Each structure stands twice: as C-alpha cells, then as structure tokens.
Amino acid sequence: MNTFQHLPLLLQQQLTDAAAFIERQQLPDGCIPWFSQGKCDPWDMVEAAMGLTVAGKLLPAKAAYQWLSEQQLDDGSWFAHYQHNQPQEQHHRETHFVAYIATGIWHYYLATGDHPFLQRHFPMVTKAINFVLAHQAPDGEIYWAVNEAGESQRDALVTACASIYKSLECALDIADALATPQHHWQQAREKLGECLRNKPYCFDRTWESKERFSMDWFYPVLAGVYSQEEAQQRLQQRWHVFVEEPVGCRCVSDEPWVTIAESCELTLALVSIGENDKAEKIFTQLQRWQDEDGGYWTGFNFRDQVIWPDEKTSWTAGAVLLAADALYNLTPASQLFQNCYETIT
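Per the working numbering, the very first residue in the sequence shown carries number 1; after that it's consecutive.
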C-alpha cells in the first residue's frame, strides 16, 4: 500500500524519495548511520527508523530496532556514538538517547498494530527506562549523562528532559497495552513534568544557559509538558526570535542558520497543540532543501546564502517523514504527535 497516495503527486514523490534515502544509508545488519561511512547514535537512529515506518518500510525499520536490541548493554543503556558497529564514545552515555527507544517501539506499534513486536521488545524498553530513571534527581530532573563508572553527570538539559518526558509517555502506553502497569514510571514522569514546568533552576547549573537554542523553546511543547494555552503562549512569545520567514526555524537565536530537522520538530510541536496552519506553512517551506538523491540538507545559512554543513542525514529525512505524518494523518502513528498538551488541573 502507498502510504502517501492521498497527497499531491509532488509531495508523494518527495516523501517516497526521502524514505528511499534513509533505506540506502542502512547497513546490512540494520544499523542506520547518519550517512554512508558516518556515525550512528541511538536517538537519531530511532528517528530514522520511525521515518521508515511512516513510509511503510517495515522490514528495514524492524531491522533497525533489532540492531539496537543486540547492542544494548547489560544495564539497559547504549553508548553515545557508534561507527562501523563499534562504540566510539565510551566515556558517557546520554539518558535521553537511551529513553528514546520507547518512542520508536510505541510508534511502530501504533503504525502496524504488531502486538508480537511490542512483546518482543518490551524487555529492551524496560531495561532502558529503568536505566534512565536510576539517574533522576530528587527535584525530578534527569541527569543528562552517565560516565564510564556509571556515575550521574549532575546537570540536566531542558530539551533532553522533555524528550525523556515523551519517551516515558510512550513507555507507559506500551506497558498498558501489555497489561503490565509500571506505577513507578508514572510517578517519575509526573515528577519530571513538574520540574520542567516549575523548576528552571534545575537545568543548566554548570554550563551556560541553553535558552538560545530553539529546541529548549519548542521541545517541551512537542513533548506535552504544558497545557494547550500555556504551550501556545510559549511558542508565541519567542516566535520572531527563532522563526526566520520564509526559510525555517533557527537552531540558535543569534546565528543566521536554520536547520531542517529543527524546523520539522517545530512543525510537530505546532501540530501537537492544534496550530496546523502554522505547521503546514513551516513544513511546506522545507521542501526546497531536498536534494536529487532524496536526502535533505542539514541546514542553510540565510545570511551567506549557503547550505551548511555539506551533509544530508538519515535522521533529517526521518524528521521530515514524521512531520508529514502528523500533518496529513498518513498512518495511525500520526496520533503520537497530535493533541499532546498536558491536562493540568
């Protein structure tokens, strides 16, 4: 079945080419590096695998999750960076990289209804989530990384914690679907949400504030941390700081550089709170950054009018496919990024 058949023909072709680009980067064992001969990290690999799922390329997506299952360490984590199937960064493991597997597994199940797949990979998800929650601070934030000795690196990132918040939602949904409730996961998620909403002092304690990065602005919205009204206000307050019309979303507020993946994730954030017209406007502008091989350039410097860096990544194409699904309801998994705002009483 053609997932994209109800879309305009040009967009159908663009999304088909994007999925084919991801599949060409995939190695025979299932690993999806950023690009040919490039590195792989667990978070971006899941993003690429979700893109394959949206396109109906289910066997390659399953192969990616199987590779992650085989690479998972005994404590439930993954190294931050692999190349040629060998870990390249063993001095730290990033907690939001580890948690994101829950988002990918739940996304695949929503798209396919494959219950045996969910059962097969629940142990992987369980080990990953338990690893992450072992590094939750008393105030609720999740420390960003763990060193070689297994010790928490005692600071936290807003974007990373927001990503974990979404992953915990997905992990809880998996547990419910399998009738194996995990109440401590729910308690940890509630504590993390409260921290993200009301305890800004828990983040960026030992380094310069990251608020100049657009992801700190929109990712908590995408993850459903705020009520709908609060989320809308949050995006409106800094819209003109980060959105460069008609190019896309800046990576950081003080640099003339938009990135395609961040622009797609802003699209998801807008869809998540019902701002679909704004979302579609952002998304439509991004199609100019697709190359002839189906890949999307990572970013564009609008001051110098140059593509930078000179690379096209599998996870950028994955983000494009996820944004298209959320906007146009291409698969049942589109619901994952729709109506995500918190109901706060």
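A virtual CB, placed ideally from N, CA and C, is assigned to each residue, including glycine.
All values derive from a computational prediction rather than experimental measurement.
Distance between beta carbons of residue j and residue i, contact taken as under 8 Å
i	j	result
C40	Q83	7 Å
P246	A111	With 8 Å as the limit, P246 and A111 do not qualify as a contact, their Cβ atoms being about 31 Å apart.
T95	I164	6 Å
T267	F283	5 Å
T206	D155	5 Å
Y349	V320	This structure cannot speak to residue 349, because the chain is shown only from 1 to 345.
Y100	V46	5 Å
L330	A279	L330 to A279, Cβ: 14 Å. No contact.
H92	N147	6 Å
Q26	P60	6 Å
A18	A317	4 Å
K312	F35	6 Å
L235	A269	7 Å
T3	G56	5 Å
Residue i, buried or exposed, once every other Cβ within 10 Å from all chains shown has been counted against 16
i	result
R24	exposed
Q67	Note on identity: in this sequence residue 67 is Trp, with Gln being the wrong assignment. Answer is buried; the Cβ neighbour count reaches 16.
V306	exposed
P33	buried
K38	Inspection of the sequence shows that residue 38 is occupied by Gly rather than by Lys. Classification of G38: exposed, given that the 10 Å Cβ count is below 16.
T259	buried
W308	exposed
T345	Model confidence at T345 stands at a pLDDT of 44, short of 50, so the residue's coordinates are unreliable and nothing is read from them.
H183	exposed
P42	buried
Q335	exposed
D325	buried
Q285	buried
For residue i, the nearest candidate out of the options (CA to CA)
i	options	result
V252	S209, A279, G224, P60	S209
N301	S227, V146, E244, L322	E244
P256	E194, I273, G299	G299
A20	R303, C340, E292	E292
E230	L196, C31, H107, W207	L196
Y201	L235, G140, A145, Q186	G140
G248	V241, I273, S263	S263
F213	A55, G193, W239	W239
D176	Y109, M215, T343	Y109
S69	K199, Q236, S334, A102	A102
F131	W315, W185, L178, F35	W185
R303	K62, P8, D254	D254
A48	P8, Q90, H107	H107
Y219	T313, I273, G56, L118	I273
A128	L58, Y226, G294, C170	C170
Q290	Q5, T3, L7, Q13	Q13
I142	A149, Q153, G113	Q153
V54	L15, P28, A63	L15
D216	R250, Q187, S227, A188	R250
L394	Q5, N339, D114, P181	Because the chain in this structure spans residues 1 to 345, residue 394 falls outside the shown range and cannot be described.
A160	Q136, A179, D277	Q136
Bridge-paired residues (DSSP) for residue i
i	result
V252	F213
K312	W297
I32	BP columns for I32 are empty, so no partner.
E265	According to DSSP, which records beta bridges pairwise, E265 is partnered with nothing at all.
I307	F300
W257	N301
Residue i CB to nearest heavy atom of the ligand ATP below 6 Å
i	result
A64	Of ligands this structure carries none, so the ligand ATP is not represented either.
Ranges of the alpha helix (DSSP H) found wholly within the segment 70 to 115, counting only runs of at least 4: 95 to 99, 101 to 112
Whole beta strand (DSSP E) elements within the segment 142 to 169, 3-residue minimum: 145 to 147
Contained alpha helix (DSSP H) runs [length at least 4] in the segment 192 to 249, N- to C-terminal order: 214 to 222, 228 to 237, 239 to 242
Segments of 4+ residues assigned as alpha helix (DSSP H) that fall wholly inside the segment 12 to 61: 42 to 54
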